[in-house]
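Asker:
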Amino acid sequence: MPLTDGAVAVLAQQAAEQIGTKVDVRVQPSTEDDPYRWSGHGRGWTVHIDPGVEVWISADASPVAALAELVDHLDDASETEQYWGRAVPACPGHQHRARVEIDGTDVVLRCPESGEVVRRITPDVR
Ligand SMILES: [Zn+2]
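126 is the number that the numbering used here gives the last residue of the sequence shown; the numbers go up by one with no jumps.
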């Protein structure tokens with residue numbers, strides 16, 4: 001089943017929670033006259049997670065793939081003044097960021113050092 005506006009908004013909010021504070025999430029659907037749809041983008045959404053994160057989610061993506069993509073891009077927030085130098089998604093107790101992987105229908109965050117799964121996130125949409 002293709003993703004919907006509402007589903008993408010839910011996933012974006014779930015990803016944003018990984019930053020740990022209240023952040024602003026905007027979901028922008030591509031339109032029929034979107035000039036980018038002919039440059040390989042197709043149908044989908046641009047998700048803005050303030051501060052500094054912008055992710056393209058294709059309408060063909062599965063919920064878990066979309067969530068993994070969103071969480072993986074949270075790293076871009078560390079380029080902003082507000083989150084400068086912060087590792088996101090965080091690896092509890094460590095300075096580095098956790099690695100984002102897909103395990104079945106869940107997104108898992110894995111410590112790159114110990115190899116242990118530090119968090120499991122189940123998409124709130126199916
Ligand atoms: Zn770690």
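For each residue, glycine too, the CB sits at the ideal point set by N, CA and C.
Per DSSP, which residues does Arg99 bridge with? Please list them.
Answerer: Paired residues: Arg110.
Asker: Pull up the DSSP beta-bridge partners for Glu54, would you.
Answerer: Glu54 is bridged to His48.
Asker: Ligand 1 heavy atoms versus the CB of Ser78: any closer than 7 Å?
Answerer: No, the Cβ of Ser78 stays beyond 7 Å of every heavy atom of ligand 1.
Asker: Could you give the distance in angstroms between the alpha-carbon of Leu3 and the alpha-carbon of Pro63?
Answerer: If I take the Cα positions, the gap works out to 7 Å.
Asker: Looking at Gln28 and Val88, is the spacing between their C-beta atoms short of 8 Å?
Answerer: In this structure, Gln28 does not lie closer than 8 Å to Val88 by Cβ.
Asker: Once DSSP output is grouped into helix, strand and coil, what is the label at Val8?
Answerer: Note: Val8 maps to helix in three-state DSSP.
Asker: Should Glu113 be listed as close to ligand 1, given that the test is whether its C-beta is under 7 Å from any heavy atom?
Answerer: It does: the Cβ of Glu113 is within 7 Å (strictly closer) of some heavy atom of ligand 1.
Asker: Measuring only the C-alpha atoms, how far is Val117 from Gly20?
Answerer: Their Cα atoms are separated by approximately 19 Å.
Asker: Is His73 near ligand 1 - that is, is its Cβ less than 7 Å away from at least one heavy atom of it?
Answerer: His73: no, Cβ never under 7 Å from ligand 1.
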